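K.L.:
In full-length UniProt numbering, the protein residues as written are 1 to 256.
Cβ coordinates follow ideal geometry from the N, Cα and C atoms, glycine included.
Note that the structure is a prediction, hence the values are computed from the model and not measured.
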Ligand SMILES: NC(=O)c1ccc[n+]([C@@H]2O[C@H](COP(=O)([O-])OP(=O)(O)OC[C@H]3O[C@@H](n4cnc5c(N)ncnc54)[C@H](O)[C@@H]3O)[C@@H](O)[C@H]2O)c1
């Protein structure tokens with residue numbers, strides 16, 4: 001896991017920024033990319049980001065925690081500068097932070113709508129704006145975490161679904177604008193057991209399990225594996241793609 005120039009000591013491996021890296025899929029992606037030898041800068045509003053970074057460092061990897069909100073342009077400036085200073089630049093950006101208030105449209109306040117769109121969609125635009133020209137110059141990759149909610153309507157998620165649908169279009173758009181230098185892809189997770197599921201009761205979890213073909217919830221590591229693949233040279237001919245990671249949730253129907 002050394003990835004350092006023997007003379008200068010300079011880091012020579014890939015450098016990744018991961019938003020929402022303090023928890024769930026983002027933390028799993030941080031661990032996965034680190035296990036593959038990358039240095040990772042975690043961007044998160046939660047101080048748990050430091051715990052995840054510290055664990056990576058204790059395992060011999062390279063990770064930094066950059067506290068900040070993805071809706072704030074200064075967060076992106078600070079993260080890009082931290083990656084440049086500590087590791088020599090940025091090769092991979094994983095846009096994964098999100099916000100969700102569960103309520104039907106008529107009970108969603110404009111402030112709640114703005115917060116959800118701001119974190120899940122505008123935050124990705126700000127990251128793209130700051131980092132994609134540099135990624136294109138370095139042959140880098142961006143991976144965006146959308147959701148099966150981009151394709152299917154489930155009650156109580158108007159802003160979340162709109163943001164996730166927007167991310168699928170945005171990743172195609174960015175793939176076209178910043179190729180061939182940078183590749184941009186997205187993943188569409190289905191039901192994945194992360195702390196986001198703490199608020200879901202047993203009966204609803206069982207209902208979601210039954211809605212999958214693989215008869216279980218997914219793990220954050222299983223989505224992290226797909227993100228790491230899309231960020232890697234193994235995906236060198238894949239750009240503008242939307243990869244569903246849902247245990248067959250979106251292809252199964254319970255209907256006569
Ligand atoms: N878990 C699932 O079933 C599931 C399904 C489909 C899609 N997803 C998507 O996967 C991604 C990760 O979800 P998760 O389940 O791991 O959630 P999680 O709640 O475990 O982690 C989300 C992280 O995002 C951080 N975050 C929130 N607002 C932020 C902001 N403004 N700036 C920076 N960081 C912020 C949180 O602090 C948290 O650490 C999200 O984009 C989510 O929509 C999850």
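Are the CB atoms of residue 29 and residue 21 nearer to each other than 9 Å?
P.N.:
Start at 1 with the first residue of the chain shown, and residue 29 comes out as number 29. Start at 1 with the first residue of the chain shown, and residue 21 comes out as number 21. A contact, by the Cβ cut-off of 9 Å.
K.L.:
For residue 178, count neighbouring Cβ atoms within 10 angstroms of its own Cβ and tell me buried if that reaches 16, exposed if not.
P.N.:
Here the question's residue 178 lines up with position 178 in the chain shown. Buried is the call here.
K.L.:
Using the Cα positions of residue 143 and residue 221, report the straight-line distance between them to the nearest angstrom.
P.N.:
Here residue 143 is taken as the residue at index 143 of the chain shown, counted from 1. Here residue 221 is taken as the residue at index 221 of the chain shown, counted from 1. Near 15 Å, if we compare the C-alpha coordinates of residue 221 and residue 143.
K.L.:
In the structure shown, what three-state DSSP assignment does residue 141 receive?
P.N.:
The residue labelled residue 141 in the question sits at position 141 within the chain shown. In the structure shown, residue 141 sits in a strand (DSSP, three-state: E or B).
K.L.:
Applying the 10 Å Cβ sphere with the 16-neighbour rule, what's the burial state of residue 31?
P.N.:
Residue 31 sits at position 31 when you count from the first residue of the chain shown. Residue 31 comes out buried.
K.L.:
Determine the contact status of residue 9 and residue 35, defining contact as a CB-CB distance below 9 Å.
P.N.:
Position 9 of the chain shown, counted from the first residue, corresponds to residue 9. Position 35 of the chain shown, counted from the first residue, corresponds to residue 35. No, these two residues do not count as a Cβ contact at 9 Å.
K.L.:
CB-CB under 8 Å to residue 176, same chain, minus the five flanking residues each way: which ones, in chain order?
P.N.:
Here residue 176 is taken as the residue at index 176 of the chain shown, counted from 1. Correct list, in chain order: 240.
K.L.:
Measuring only from the beta carbon, is residue 158 closer than 8 Å to any heavy atom that is part of ligand 1?
P.N.:
Sequence index remark: in the chain shown, residue 158 carries index 158 (1-based). No.
K.L.:
For ligand 1, I want to know if residue 205 counts as a neighbour, meaning its beta carbon is within less than 8 Å of at least one of the ligand's heavy atoms.
P.N.:
Within the chain shown, numbered from 1, the residue matching residue 205 stands at position 205. Checking every heavy atom of ligand 1 against the Cβ of residue 205, none is found closer than 8 Å.
K.L.:
Could you tell me if the beta carbon of residue 5 falls within a distance shorter than 8 Å of some heavy atom in ligand 1?
P.N.:
The count along the chain shown starts at 1 and reaches residue 5 at position 5. Flag unset: Cβ of residue 5 not near ligand 1.
K.L.:
Compute every distance between the C-beta of residue 35 and the non-hydrogen atoms of ligand 1, then say whether any falls below 8 Å.
P.N.:
Numbered from its first residue, the chain shown carries residue 35 at position 35. No, ligand 1 has no heavy atom inside 8 Å of this Cβ.
K.L.:
In three-state terms, what does DSSP make of residue 39?
P.N.:
Mapped onto the chain shown, residue 39 falls at position 39. Here residue 39 sits in strand by DSSP.
K.L.:
Just list the beta strand (DSSP E) runs in the stretch 32-101, keeping only unbroken ones of 3 residues or longer that don't cross its boundaries, in chain order.
P.N.:
Within the stretch 32-101, the complete beta strand (DSSP E) runs of at least 3 residues are 39-44, 62-67 and 92-95.
K.L.:
Should residue 48 be counted as a contact of ligand 1 given a C-beta to heavy atom distance under 8 Å?
P.N.:
Here residue 48 refers to the residue found at position 48 when the chain shown is read from its first residue. Under cutoff, so the answer is yes.
K.L.:
Residue 225 and residue 188 - do their beta-carbons sit closer together than 9 Å?
P.N.:
Counting from one through the chain shown, the residue named residue 188 turns up at place 188. Counting from one through the chain shown, the residue named residue 225 turns up at place 225. Against a cut-off of 9 Å, the Cβ pair of residue 225 and residue 188 comes out as no contact.
K.L.:
Take residue 86 as the anchor and find which of 227, 148, 55 and 14 has the nearest alpha-carbon.
P.N.:
Position 86 of the chain shown, counting from 1, holds the residue named residue 86. Cα-wise, what sits closest to residue 86 is 14.
K.L.:
Locate the alpha helix (DSSP H) running through residue 174, then write down its first and last residues.
P.N.:
The residue labelled residue 174 in the question sits at position 174 within the chain shown. Unbroken alpha helix (DSSP H) run through residue 174: 158-178.
K.L.:
Which same chain residues, not among the five before or five after residue 139, have their C-beta less than 7 Å away from its C-beta?
P.N.:
Stepping through the chain shown from its first residue, residue 139 is reached at position 139. Once the five neighbours on either side are set aside, the close Cβ partners of residue 139 are 181.
K.L.:
What are the uninterrupted segments assigned as alpha helix (DSSP H) that are 4 or more residues long and contained completely in the stretch 184-239, given in chain order?
P.N.:
Here the runs fully enclosed are 202-210 and 220-231.
K.L.:
Distance check for residue 172 and residue 46, CA to CA, integer angstroms please.
P.N.:
Position 46 of the chain shown holds residue 46. Position 172 of the chain shown holds residue 172. So the alpha carbons of these two residues sit roughly 30 Å apart.
K.L.:
Taking Cβ to Cβ, would you say residue 166 is nearer than 9 Å to residue 102?
P.N.:
Here residue 166 is taken as the residue at index 166 of the chain shown, counted from 1. Here residue 102 is taken as the residue at index 102 of the chain shown, counted from 1. Cβ distance not < 9 Å, so residue 166 and residue 102 don't count as in contact.
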